[in-house]
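Structure, as structure tokens:
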Amino acid sequence: MSDNPTKERFYTNDSAYILPADEEERKRLRRQHQYLTRAFDNRPILAPVQFAGGDQVLEIGAAAGAWLFDAAQQIESSSNVNFHAIDIENRHFPSTPPPNMSFSIASVLELPQAWAGKFSYVHQRLLMGALTEAQWPIAIQEIYRVLKPGGWVEMGEGEARIGCPDGHGRPRGLDLVHQFYLSRGLMVDIGPELPNLLKAAGFVDIKMTPKSIPLGKWGGELGEGGVEGMCGFLRAVKKPVLAKGGFGLVQTGEEYDALIDDLERDFNETPGYSWAHYITYARKPEGVDN
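Numbering (the UniProt record's numbering), first residue to last: 1 to 290.
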């Protein structure tokens, strides 16, 4: 449970960025990165990329760059690869990144024109809470444009639906997840839909790897990370959910906190809850125009 659920969180004035931009959120994102990487055998990159000197890597929705720093360690330093990260909010950016890393404010929906055909590899993860159904094809086409011919994209997304134990009633807190996504026009099942969207954009050699992540302490270290990530996200979107009226489930901040505390308790005490996460990678064909 949250150490201080009533603590005031800091939100940016940009309404497009719905999550808090504070130290608590930075820590949550770091822990989220750690348990998702652990779920996929501690491999930050699954795509069969062969990096060479001078290659450019782009991370989209980078926050503090947790994935970027781990990926840079996986790629041999002798390969002289350059890394760039973008987000629509810069408060999480590291103040002193290494010389081969840079961070800037940008949106995947409108990447700089000068980036056409620049990157050998693009990584994006968990924008399922940011991009609407209409925006996903635009984002994927922009990624296609900035990749070099033969370059790879790798995307990690999940589902808003939570798997429940057999015979166990659905907690009210799970309705909050579903209603939040629907209220923003988001795709509740974007994870398994990515192969179709990538194919429609022209990508080839598409492969999807699904993982079922346990939610609860009964699931060991991975389950602890899963429940912390899920409930941490719900606590982080408290302000925008209450601004929508609580979807008929809660009316006050105190009711919201109690609902998420009950959900977290149920996750930890009832084996069988799970969340599906999918990593999909694909290649831009050789010999195509940007």
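Each residue gets a CB set at the ideal place from its N, CA and C atoms; glycine is no exception.
None of these values were measured; they are calculated from a predicted model.
Scanning Glu157, Lys148 and Ile143 for the CA closest to the CA of lysine 118 turns up Lys148. In this structure, Ser107 is the residue among Ser95, Ser107, Gly163 and Glu228 with its C-alpha nearest to the C-alpha of aspartate 87.
Around the beta carbon of threonine 280, 16 or more other beta carbons lie within 10 angstroms, which makes this residue buried.
Note that the segment 38 to 51 does not touch the segment 124 to 144; fewer than 3 beta-carbon pairs, one per stretch, sit closer than 8 Å. For the options Leu176, Ala276 and Gly219, the alpha carbon positioned closest to that of leucine 259 is the one of Leu176.
Between glutamate 157 and tyrosine 278, the gap from beta carbon to beta carbon is short of 8 Å. Spatial neighbours of glutamate 159 in its own chain (CB-CB distance under 6 Å, excluding positions within 5 residues in sequence) are listed in chain order as Asp189, Gly191 and Ala276. Short of 8 Å from the beta carbon of phenylalanine 247, and not among the five residues preceding or following it, lie these beta carbons of its own chain, in chain order: Asp175, Leu176, Gln179, Phe180, Ser183 and Val241.
Assignment of isoleucine 105 by DSSP, reduced to helix, strand and coil, places it in the strand class. Taking leucine 249 as reference, the option from Pro171, Arg26, Ile162 and Val49 with the minimal CA-CA separation is Pro171. Pairing aspartate 55 with proline 112, the inter-Cα distance amounts to about 18 Å. A Cβ-Cβ distance of about 13 Å is found for the pair isoleucine 60 and glutamine 141, leaving them out of contact under the 8 Å criterion. Of the candidates Tyr121, Gly163 and Asp166, the residue whose Cα lies closest to the Cα of arginine 145 is Tyr121.
Within the DSSP bridge table, the entry for isoleucine 279 names Gly156 and Thr209 as partners.
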